[in-house]
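Numbering (the numbering used here), first residue to last: 8 to 276.
Step one of this worksheet: look at the structure below.
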């Protein structure tokens, strides 16, 4: 059974009588009425519809609150931004990262007392996601995340700001809709108008795509070229795949990044 401890994740707790409606008005997905044992994947955007933060949202079984599993190094920024929108809303926003460890179990089947677990809403192939009480002994697990990231990258799943450029990428460029991160039927949220316009006008010019690598794995930031002409940039890589932001109108020909040959494996429709 593969279980991975993911140390660079933290947890925010949004509590109070208006926690659900507060978050519902801000984020890309529908968080109303999330059932216990489930989660949604969502993002907070700029008013211009560009990426700021992504996270999983799941109910806190110990109270009328929602837990956000987020990038730990950027948790203070997310808390600050949410606090800006708080105004007179009856909500509390607390960093409770010290109470939890985050695990991923692609094969599933992991349980424990007080553990919050849910199927990864981005892609069933990613298996189970767990918030494990920090006071509990951890199950047998891997601290080496190479196999976890190899699966993630091969499935075309970005890893927060490692793969999505803050205040630069629009959400359809990073296939957020394909990862079940956007509800186009819910009401307004920050950046909703531009996100919806991109969807219905089909004006996405570049996209974050998984590519199989033949040769040495290129570094993040490496140029992707066709016949010497730049058509994109590598974001992250693991195993024999990379995620690369590629122009959709790129010329036909072999994709190269350094000495490696890339073959796109992610559908673009």
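The C-beta atom is built at its ideal place from N, Cα and C for all residues, glycine as well.
For clarity, every value in this text was computed on a predicted model and none was experimentally measured.
Which residue from 163, 159, 50, 95 puts its Cα closest to that of residue 275?
-> Along the chain shown, read from residue 1 onward, the residue named residue 275 stands at position 268. Residue 275 has its Cα closest to that of 163, out of 163, 159, 50, 95.
Count the other CB atoms within 10 Å of the CB of residue 195; is the residue buried (16 or more) or exposed (fewer)?
-> Your numbering for residue 195 matches position 188 in the chain shown. Result: exposed.
Would residue 221 pass as a contact of residue 266 if the rule is Cβ separation under 7 Å?
-> Within the chain shown, numbered from 1, the residue matching residue 221 stands at position 214. Within the chain shown, numbered from 1, the residue matching residue 266 stands at position 259. The answer is no: Cβ separation not under 7 Å.
Return yes when the Cβ of residue 250 is within less than 7 Å of the Cβ of residue 217, no when it is not.
-> Taking the first residue of the chain shown as position 1, residue 217 is located at position 210. Taking the first residue of the chain shown as position 1, residue 250 is located at position 243. Yes, the pair counts as a contact, with Cβ atoms nearer than the cut-off.
For residue 122 and residue 81, the rounded distance between their alpha carbons | Residue 81 sits at position 74 when you count from the first residue of the chain shown. Residue 122 sits at position 115 when you count from the first residue of the chain shown. If you take the alpha carbons of residue 81 and residue 122, they lie about 24 Å apart.
Using the Cα positions of residue 130 and residue 259, report the straight-line distance between them to the nearest angstrom.
-> As a first step, residue 130 must be located in the chain shown, where it is residue number 123. As a first step, residue 259 must be located in the chain shown, where it is residue number 252. In a straight line, the C-alpha of residue 130 is about 30 Å away from that of residue 259.
Would you kindly report the start and end of the unbroken alpha helix (DSSP H) that includes residue 153?
-> As a position in the chain shown, residue 153 is number 146, starting the count at 1. Element bounds for residue 153: 153-161.
With DSSP run on the structure shown, which of helix, strand or coil describes residue 62?
-> As a first step, residue 62 is located in the chain shown; it is residue number 55 there, counting from the start. Of the three classes helix, strand and coil, the one that applies to residue 62 here is strand, per DSSP.
Who are the near neighbours of residue 150 in its chain, counting only those whose CB is closer than 7 Å to its CB and skipping five residues on each side?
-> If you number the chain shown from 1, residue 150 lands on position 143. 12, listed in sequence order.
In terms of alpha-carbon separation, which member of 244, 26, 256 lies closest to residue 98?
-> Locating residue 98 in the chain shown gives position 91, counting from the first residue. Looking at the Cα atoms, 26 is the closest of the given residues.
Considering only C-alpha positions, which residue in the set 205, 175, 171 is nearest to residue 215?
-> Walking along the chain shown from the start, residue 215 turns up at place 208. Of 205, 175, 171, the residue nearest in Cα terms is 171.
Grab the span of the beta strand (DSSP E) containing residue 82 for me, first residue to last.
-> What you label residue 82 is simply residue 75 of the chain shown in a count that begins at 1. Run containing residue 82: none in the beta strand (DSSP E); it sits in the alpha helix (DSSP H), 82-93.
Reference residue 109, options 94, 91, 63, 86, closest by Cα = What you label residue 109 is simply residue 102 of the chain shown in a count that begins at 1. Checked all of 94, 91, 63, 86; the closest Cα to residue 109 is 63.
Could you tell me which residues DSSP pairs with residue 12 in its beta bridges?
-> Here residue 12 refers to the residue found at position 5 of the chain shown. Answer is 110, bridged to residue 12.
Pull up the distance between the alpha-carbon of residue 101 and that of residue 29, whole angstroms please.
-> As a position in the chain shown, residue 101 is number 94, starting the count at 1. As a position in the chain shown, residue 29 is number 22, starting the count at 1. Using only the alpha carbons, I get a separation of about 15 Å.
Endpoints, beta strand (DSSP E) assigned at residue 123 | By 1-based counting over the chain shown, the position of residue 123 is 116. First-last of the beta strand (DSSP E) with residue 123: 123-126.
Quick one, are the C-beta atoms of residue 78 and residue 23 less than 7 Å apart?
-> Against the chain shown, residue 78 aligns to sequence position 71. Against the chain shown, residue 23 aligns to sequence position 16. No. Outside cutoff.
I think residue 50 touches residue 125, with their Cβ atoms under 8 Å apart; what is that distance to the nearest whole Å?
-> Residue mapping note: residue 50 aligns to position 43 of the chain shown, counting from 1. Residue mapping note: residue 125 aligns to position 118 of the chain shown, counting from 1. That pair is no contact at about 18 Å.
Kindly provide the ranges of any beta strand (DSSP E) runs that are 3 or more residues long and lie completely inside the stretch 142-223, ordered along the chain.
-> 213-221
In the DSSP assignment, find the alpha helix (DSSP H) that holds residue 26 and state where it starts and stops.
-> Counting from 1 along the chain shown, the entry for residue 26 is found at position 19. Where residue 26 is concerned, the enclosing alpha helix (DSSP H) stretches over 26-31.
Is residue 140 helix, strand or coil when you go by DSSP?
-> Along the chain shown, read from residue 1 onward, the residue named residue 140 stands at position 133. DSSP places residue 140 in strand when its eight states are reduced to three.
Opening and closing residue of the beta strand (DSSP E) in which residue 237 lies = One-based indexing of the chain shown puts residue 237 at position 230. Residues 236-245.
Quick one: Cα of residue 66 to Cα of residue 116, how far?
-> Here the question's residue 66 lines up with position 59 in the chain shown. Here the question's residue 116 lines up with position 109 in the chain shown. Computed Cα separation, rounded: 20 Å.
Once you ignore the five residues that flank residue 120 on each side, which residues in its own chain have a CB closer than 7 Å to its CB?
-> Taking the first residue of the chain shown as position 1, residue 120 is located at position 113. These residues qualify, in order along the chain: 143.
Contact between the stretch 232-251 and the stretch 184-191: three or more CB pairs below 8 Å?
-> no
Can you give the Cα-Cα distance for residue 75 and residue 229, rounded to whole angstroms?
-> One-based indexing of the chain shown puts residue 75 at position 68. One-based indexing of the chain shown puts residue 229 at position 222. So the two alpha carbons sit approximately 32 Å from each other.
Compare the beta carbon distance of residue 113 and residue 158 with 7 Å and say whether it is the shorter of the two.
-> Within the chain shown, numbered from 1, the residue matching residue 113 stands at position 106. Within the chain shown, numbered from 1, the residue matching residue 158 stands at position 151. Against a cut-off of 7 Å, the Cβ pair of residue 158 and residue 113 comes out as a contact.
Can the beta-carbon of residue 58 be found closer than 7 Å to that of residue 176?
-> Residue mapping note: residue 58 aligns to position 51 of the chain shown, counting from 1. Residue mapping note: residue 176 aligns to position 169 of the chain shown, counting from 1. Yes, they are a contact pair.
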